[in-house]
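What follows is a single structure, written as structure tokens, with notes after it.
Protein chains: 2
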Amino acid sequence: MITHAMEDYLKTVYLLQEGQEKVSTSAIAQQMEVSAASVTGMVRKLAAMGLLNYTSYQGVELTEGGKKIAQEIIRHHRLLELYLVEIMGFTWDKVHDEADKLEHVISEEFEERMSEALGHPTTDPHGHAIPAKDGALQEIAYETLTEVDAGNSVTIQHVNDNNPEMLRYLDQLGILPGIVVHVVAKEPFNGPLRLRIDQTEHFIGREVAGNVFVNPQTI
Amino acid sequence: MITHAMEDYLKTVYLLQEGQEKVSTSAIAQQMEVSAASVTGMVRKLAAMGLLNYTSYQGVELTEGGKKIAQEIIRHHRLLELYLVEIMGFTWDKVHDEADKLEHVISEEFEERMSEALGHPTTDPHGHAIPAKDGALQEIAYETLTEVDAGNSVTIQHVNDNNPEMLRYLDQLGILPGIVVHVVAKEPFNGPLRLRIDQTEHFIGREVAGNVFVNPQTI
DNA sequence: TTAAAAATTTAGGAATGCCTAAATATAATT
DNA sequence: AATTATATTTAGGCATTCCTAAATTTTTAA
Chain A
1 MITHAMEDYL
11 KTVYLLQEGQ
21 EKVSTSAIAQ
31 QMEVSAASVT
41 GMVRKLAAMG
51 LLNYTSYQGV
61 ELTEGGKKIA
71 QEIIRHHRLL
81 ELYLVEIMGF
91 TWDKVHDEAD
101 KLEHVISEEF
111 EERMSEALGH
121 PTTDPHGHAI
131 PAKDGALQEI
141 AYETLTEVDA
151 GNSVTIQHVN
161 DNNPEMLRYL
171 DQLGILPGIV
181 VHVVAKEPFN
191 GPLRLRIDQT
201 EHFIGREVAG
211 NVFVNPQTI
Chain B
1001 MITHAMEDYL
1011 KTVYLLQEGQ
1021 EKVSTSAIAQ
1031 QMEVSAASVT
1041 GMVRKLAAMG
1051 LLNYTSYQGV
1061 ELTEGGKKIA
1071 QEIIRHHRLL
1081 ELYLVEIMGF
1091 TWDKVHDEAD
1101 KLEHVISEEF
1111 EERMSEALGH
1121 PTTDPHGHAI
1131 PAKDGALQEI
1141 AYETLTEVDA
1151 GNSVTIQHVN
1161 DNNPEMLRYL
1171 DQLGILPGIV
1181 VHVVAKEPFN
1191 GPLRLRIDQT
1201 EHFIGREVAG
1211 NVFVNPQTI
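As you go down the protein sequences, you meet chains A and B in turn.
Position 136 of the first sequence, counting from 1, maps to 136 under my numbering, and the rest follow consecutively.
To convert a position in the second sequence, counted from 1, into my numbering, add 1000.
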């Protein structure tokens, strides 16, 4: 039987797994804000269930079965986020926490009816891809704004969704998925980035910039 | 800290409490499908938290604090049921189970946005009253169809929502809240009831009739 | 009123999921 | 290669929520 906690672990491993193949227990612990010891215990259980492969001290890797469950939960989460914004009128900073709770309890029918109401969407309000039903999610490892050299224009792809305050700030600046941003300059010593969006200039710090993922191609 | 299990206990006690003042542990156990021993344990904990009054062997009674939490959960449940039917297109037999899971995890904002989308409704799809925010729920103890004498007409008030199969059956017959039913006859030895709804006659068993609550007043 | 039946509680235990502290394995550095 | 630092696991515990079986209290009935 899959518990909510197990679903959370599988989701976390799935999202951390992008790029790398093996995920360390400490990375999981940090992401989930639980102790490393707790992760070891849970990972053993999930390995015994065949949902991931685990070798002591070597990290974990999801099996196909584990991936399927993770994708299902991520689909729930992202559909919920979009539904909350588009249909229910939530602001985009509030939906992550709400979706984190709801993702574990909604039925397949609930999922399907949300998808229908939204016209079977493919991205959530923060720009993350919504996995298709039983379809893999292949998110490209975009670079963040901090990595863009001055003088280049980029398109915002997605932003991290777990910090409501930062989301409100980004919304205020108009830094939203799909928007084109020109990086005018980057101040040295981890100084602010000077951005131009639609003739308006903004200065944002490196921490914020590191949470904004962009498409390197200029449009 | 209030857990989901505690919320379920408070909700159950609240609904059982209507009419009587004290609720026995065995009644709670039967309703929740857990052992009587489990109820004793939980009831002690809830009493220690000041959410209900409990005397050994004498049953329990919610305090004002306990009532408030119960009402909140019942409001969630019934708003969810109506939202699922009216906005999301669920059939009325599916919404009870979905609402039972969701009622514990939705935020106050989610509750408020549902209420708004529904125009601040006062009854759910099965005819149960939706408690107002911080408002008491006073459900009159209606009689069931089994108690109506032959020859009388009654208005369906509400139906029990926990048996999907029975709900589909009632829907098929058109036995829905607000509908007027004439009890033509009642066959002896716990035999069927002969009903007339809009010129059409139906025969239903006593078990079903016992789950249909009606208003004794003829309209 | 006393014995039997029913209801309720107590005792002891299991599963889940988290924790801290101590032990051990791996990686990095001199 | 030895030592230090870091990462990971093991051991032992705690809270929650359920269970069964045995003991106790209350109710019912002879």
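For each residue, glycine too, the CB sits at the ideal point set by N, CA and C.
Keep in mind the model is a prediction, meaning the values are calculated, not measured.
Exercise for the section: Kindly indicate which residue of A:68, A:55 and A:3 has the alpha-carbon position closest to the one of residue 105 of chain A. Expected result: A:3
Exercise for the section: Could you tell me whether the region 1130-1137 of chain B touches the region 1158-1165 of chain B, using the rule of 3 or more Cβ pairs below 8 Å? Expected result: As far as the Cβ criterion goes, the region 1130-1137 of chain B does not touch the region 1158-1165 of chain B, which means the pair count is below three.
Handout entry: Those runs of the beta strand (DSSP E) which lie wholly inside the region 1123-1147 of chain B and span at least 3 residues
Key = none
Problem - Collapsed DSSP secondary structure at residue 1213 of chain B in the structure displayed - result: Strand at residue 1213 of chain B.
Practice task
At 7 Å on the CB atoms, spell out the chain A contacts of residue 1078 of chain B, in chain order.
Solution key: Within 7 Å Cβ-Cβ: nothing; residue 1078 of chain B doesn't reach chain A, min ~17 Å.
Practice task
Could you name the residues of chain A that residue 1107 of chain B contacts, counting a contact when the two beta carbons are closer than 7 Å?
Solution key: Neighbours of residue 1107 of chain B across chain A, judged by C-beta separation under 7 Å: 98.
Handout entry: Cβ neighbours of residue 42 of chain A in the same chain (closer than 8 Å, five flanking residues each side left out)
Key = 5, 6 and 9
Problem - Pick from B:1037, B:1060 and B:1036 that is closest to residue 1047 of chain B, judged by C-alpha positions - result: B:1060
Handout entry: beta strand (DSSP E) runs wholly inside the region 29-88 of chain A, at least 3 long, in chain order
Key = With a minimum length of 3 residues, the continuous beta strand (DSSP E) runs that stay inside the region 29-88 of chain A are 52-55 and 59-62.
Handout entry: Element boundaries [alpha helix (DSSP H), containing residue 1201 of chain B]
Key = Annotation: residue 1201 of chain B is outside any alpha helix (DSSP H); the continuous beta strand (DSSP E) that includes it extends over 1200-1204.
Exercise for the section: Between the Cα of residue 65 of chain A and those of A:58, A:191 and A:53, spot the shortest distance and give me the residue it belongs to. Expected result: A:53
Practice task
Using only alpha-carbon positions, find the residue among B:1044, B:1197, B:1021 and B:1013 that is nearest to residue 1030 of chain B.
Solution key: When B:1044, B:1197, B:1021 and B:1013 are compared, the shortest CA-CA separation from residue 1030 of chain B is found for B:1013.
Problem - Pairwise C-alpha distance: residue 120 of chain A and residue 129 of chain A - result: 12 Å
Practice task
Answer yes if the region 87-100 of chain A comes into contact with the region 145-155 of chain A, meaning at least three C-beta pairs across the two stretches below 8 Å, and no otherwise.
Solution key: no
Practice task
Please name the residue or residues paired with residue 1105 of chain B in a DSSP beta bridge.
Solution key: According to DSSP, which records beta bridges pairwise, residue 1105 of chain B is partnered with nothing at all.
Practice task
Enumerate, from N- to C-terminal direction, the unbroken beta strand (DSSP E) stretches of 3 or more residues contained entirely within the region 1144-1182 of chain B.
Solution key: 1153-1159
Handout entry: Stretch pair the region 160-179 of chain A + the region 1034-1041 of chain B: three plus CB contacts closer than 8 Å
Key = no
Exercise for the section: Please look up how many angstroms separate the CB atoms of residue 82 of chain A and residue 125 of chain A, rounded, as I've assumed it's under 8 Å. Expected result: 6 Å
Practice task
Determine the burial state of residue 209 of chain A: buried for a count of at least 16 other Cβ atoms within 10 Å of its Cβ, exposed for fewer.
Solution key: buried
Exercise for the section: Report the neighbours of residue 1089 of chain B on chain A: residues whose CB is nearer than 9 Å to its CB, in chain order. Expected result: 113, 116 and 117
Problem - Contacting residues, own chain, Cβ-Cβ under 8 Å from residue 1100 of chain B (five flanking each side not counted) - result: For residue 1100 of chain B, same chain residues with a beta-carbon under 8 Å away, outside a window of 5 residues either side, are 1077 in chain order.
Problem - Closest by C-alpha distance to residue 184 of chain A, when choosing among A:171, A:168, A:146 and A:211 - result: A:146
Exercise for the section: Using alpha carbons as the reference points, say which of A:188, A:63 and A:1 lies closest to residue 22 of chain A. Expected result: A:63
Exercise for the section: Please check if any C-beta of chain B sits within less than 7 Å of the C-beta of residue 133 of chain A. Expected result: Taking 7 Å as the CB threshold, residue 133 of chain A stays off the interface with chain B.
Handout entry: Residue closest to residue 1011 of chain B, alpha-carbon to alpha-carbon, out of B:1070, B:1164 and B:1056
Key = B:1070
Exercise for the section: Measure the beta-carbon distance from residue 1216 of chain B to residue 1143 of chain B and round it to whole angstroms, keeping in mind my assumption that it falls under 8 Å. Expected result: 6 Å
Exercise for the section: Establish whether the CB of residue 1167 of chain B and some CB of chain A are separated by less than 7 Å. Expected result: Taking Cβ atoms only, chain A never reaches closer than 7 Å to residue 1167 of chain B, which makes this a no.
Practice task
Return the CA-CA distance between residue 172 of chain A and residue 84 of chain A, expressed in angstroms with no decimal places.
Solution key: Distance between the alpha carbons of residue 172 of chain A and residue 84 of chain A: 19 Å.
Handout entry: Those residues which DSSP pairs with residue 955 of chain B across a bridge
Key = Any answer about residue 955 of chain B is impossible in this case: the structure gives chain B only from 1001 up to 1219.
Problem - 6 Å Cβ shell around residue 127 of chain A - same chain, five flanking residues per side excluded - result: 157, 158 and 177
Handout entry: Buried or exposed by the 16-neighbour rule on C-beta atoms within 10 Å, applied to residue 93 of chain A
Key = buried
Exercise for the section: Taking only beta-carbon positions, decide if residue 102 of chain A is within less than 7 Å of chain B. Expected result: yes
Problem - Alpha-carbon spacing of residue 1028 of chain B relative to residue 58 of chain A, whole angstroms - result: Taking the straight line joining both Cα atoms gives about 49 Å.
Practice task
Report yes if the CB atom of residue 1115 of chain B is closer than 7 Å to the CB atom of residue 98 of chain A, and no otherwise.
Solution key: no
Handout entry: Residue range of the unbroken alpha helix (DSSP H) whose run includes residue 4 of chain A
Key = Looking at the DSSP string, the run of the alpha helix (DSSP H) that includes residue 4 of chain A is 4-17.
Exercise for the section: Using a Cβ cut-off of 9 Å, pull out every chain A residue sitting near residue 1094 of chain B, in sequence order please. Expected result: 107 and 109
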